[in-house]
Amino acid sequence: MTVLQERTASLDRLDLSAKKLDFDSIPLIDIADLTHPDRARRETVARKIGEACEHVGFFYVTNHGVPQALLDAIYGVADRFFAMPTEEKLKVDIHKADRHRGYVPVGGLHADAHNTGSHDLQEGFELSLELPETDPDYLAGNPMYGPNVWPEHPADFKEIANGYYSEMISLGRRLFGGFALALGLEESWFEPKIEKPMGQLRVLYYPPQAGTVDPNQIGIGAHTDYECFTILAQSEHGLQVQNRKGEWIAAPPIPGAFVVNIGDCMQRWTNDRFRSTVHRVINLSGKKRYSLAFFYGANYHATIECLPTCQDKANPPRHPPVKAGDWTVANIKAAYTYVPKAI
Ligand code: OGA
Ligand code: NI
Numbered sequence: 119m120t121v122l123q124e125r126t127a128s129l130d131r132l133d134l135s136a137k138k139l140d141f142d143s144i145p146l147i148d149i150a151d152l153t154h155p156d157r158a159r160r161e162t163v164a165r166k167i168g169e170a171c172e173h174v175g176f177f178y179v180t181n182h183g184v185p186q187a188l189l190d191a192i193y194g195v196a197d198r199f200f201a202m203p204t205e206e207k208l209k210v211d212i213h214k215a216d217r218h219r220g221y222v223p224v225g226g227l228h229a230d231a232h233n234t235g236s237h238d239l240q241e242g243f244e245l246s247l248e249l250p251e252t253d254p255d256y257l258a259g260n261p262m263y264g265p266n267v268w269p270e271h272p273a274d275f276k277e278i279a280n281g282y283y284s285e286m287i288s289l290g291r292r293l294f295g296g297f298a299l300a301l302g303l304e305e306s307w308f309e310p311k312i313e314k315p316m317g318q319l320r321v322l323y324y325p326p327q328a329g330t331v332d333p334n335q336i337g338i339g340a341h342t343d344y345e346c347f348t349i350l351a352q353s354e355h356g357l358q359v360q361n362r363k364g365e366w367i368a369a370p371p372i373p374g375a376f377v378v379n380i381g382d383c384m385q386r387w388t389n390d391r392f393r394s395t396v397h398r399v400i401n402l403s404g405k406k407r408y409s410l411a412f413f414y415g416a417n418y419h420a421t422i423e424c425l426p427t428c429q430d431k432a433n434p435p436r437h438p439p440v441k442a443g444d445w446t447v448a449n450i451k452a453a454y455t456y457v458p459k460a461i
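In our numbering, the protein residues as written are 119 to 461.
Printed below as a string of structure tokens:
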């Protein structure tokens, strides 16, 4: 059975509840020392991160430095935004935007590309690196770079979301430093390739699901993420991660921690050493569930080509080089039911 068939088969089992395994199955890593002046201390954290990336593809991070007050604030504006009438939200409908920005109504996403009858029971708001209209890439018609679109209400949405976005870039860069160390590269190796990132923040709302759950309509269908890695905050239970035996493992929110998971781009970059792991969301919490999924994508113009430390004679590159921008555009087209005008 191929990996794709396995994914579909596991959904067909109709068993939508996750096994509650020990948290040890998804490692919890204190990353405070990633910025420690002592290199040995940084390496100790990086080693743990590397192990998690190779074996699980998912880990929690604590002591990440992102203020809880900012998380509370963005959950607050998300709650107010998604509670507004549909007409109001559709004023920033992603279908009207020329870039991949704005409000994604239910039906806009079908993350499980192998289950064509599915669409995800979630609403989202998409934003990216805030760039001015004078940005040279934007002026040149680049499909990924440009200004964000913002709702008029809540009035503080833009400021809070941009503040959160900056924190994600900062945390993401620290994590890239840890990945570099774990992979035996110069700590700053990724920097030139990630300084103008295609990072996408999705502010997500999942309505509660009760009664019989239609396996073709869950919060987000089984998928892997396509960017380098994802930093996820979640207000309620619902995230499930598939282990190597095909069992679904619950990845509940842990106060003060983010979930980090490797995406397909990083798997490719590392010659499949780091693992991009299948996951899904079913909101059986009985409550509204909000999550903040930040996808760290490389610079549009960066080339993703097997890292020098992930190949040798016995283990040659398995994937041809790809331009990061082409990779992202192709994946957006596959996952969403609309295509941004600029693409
Ligand atoms: C995603 C995703 C998980 C969540 O958006 O790719 O897996 O909890 N989200 O929202
Ligand atoms: Ni995902």
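Idealized CB from N, CA, C, for every residue including glycine.
Secondary structure note for Ser288: its alpha helix (DSSP H) is the uninterrupted segment 275-300. Judged by pairs of C-beta atoms under 8 Å, the region 258-272 touches the region 204-224, as three or more such pairs exist. Closest in C-alpha terms to Arg292, from the list Arg159, Tyr408, Ala432, His182, comes His182. If one requires a minimum length of 3 residues, the beta strand (DSSP E) runs lying completely within the region 313-378 are 318-324, 338-341, 347-352, 357-360, 366-368, in chain order. By the CB criterion at 8 Å, Pro315 and Gly415 fall inside the cutoff. Val378 has its CB no nearer than 7 Å to any heavy atom of the ligand OGA. Of the heavy atoms belonging to the ligand NI, none sits nearer than 7 Å to the Cβ of Asp238. At least one heavy atom of the ligand NI lies less than 7 Å from the C-beta of His397. Taking each of His173, His228, Leu152, Ile461 in turn and checking the Cα distance to Pro333, the smallest one comes out for His228.
Taking Ser409 as reference, the option from Asp255, Ser143, Ala351, Arg362 with the minimal CA-CA separation is Ala351. Put simply, the backbone Cα of Gln358 is about 6 Å away from that of His397. Counting of Cβ neighbours within 10 angstroms places Gln186 among the exposed residues, the total staying below 16. Within the region 150-227, the complete beta strand (DSSP E) segments at least 3 residues long are 176-180, 220-222, listed from N- to C-terminus. Under DSSP, Tyr408 takes part in a beta bridge, and its partners are Tyr323. Nearest Cα to Cys383 within the set Tyr256, Gly296, Cys424, Thr234: Cys424. Contact check for Ile149 against Val163 passes: the beta carbons are separated by less than 8 Å. Look at Arg393: its beta carbon is at least 7 Å from all of the heavy atoms in the ligand OGA.
As a beta-bridge residue in DSSP terms, Asn417 pairs with Pro315.
Taking a 10 Å sphere around the C-beta of Lys451, we find fewer than 16 other C-beta atoms and assign the residue as exposed.
Boundaries of the alpha helix (DSSP H) harbouring Gly443: 442-453, taken from the DSSP string. Setting aside the 5 residues that flank it on each side, Tyr344 is surrounded in the same chain by Gly381, Asp382, Asn449, each with a C-beta closer than 6 Å to its C-beta; the list follows chain order. For the pair Pro458 and Arg157, the Cα-to-Cα distance works out to about 44 Å. Less than 8 Å separates the beta-carbon of Ser403 from that of Glu354.
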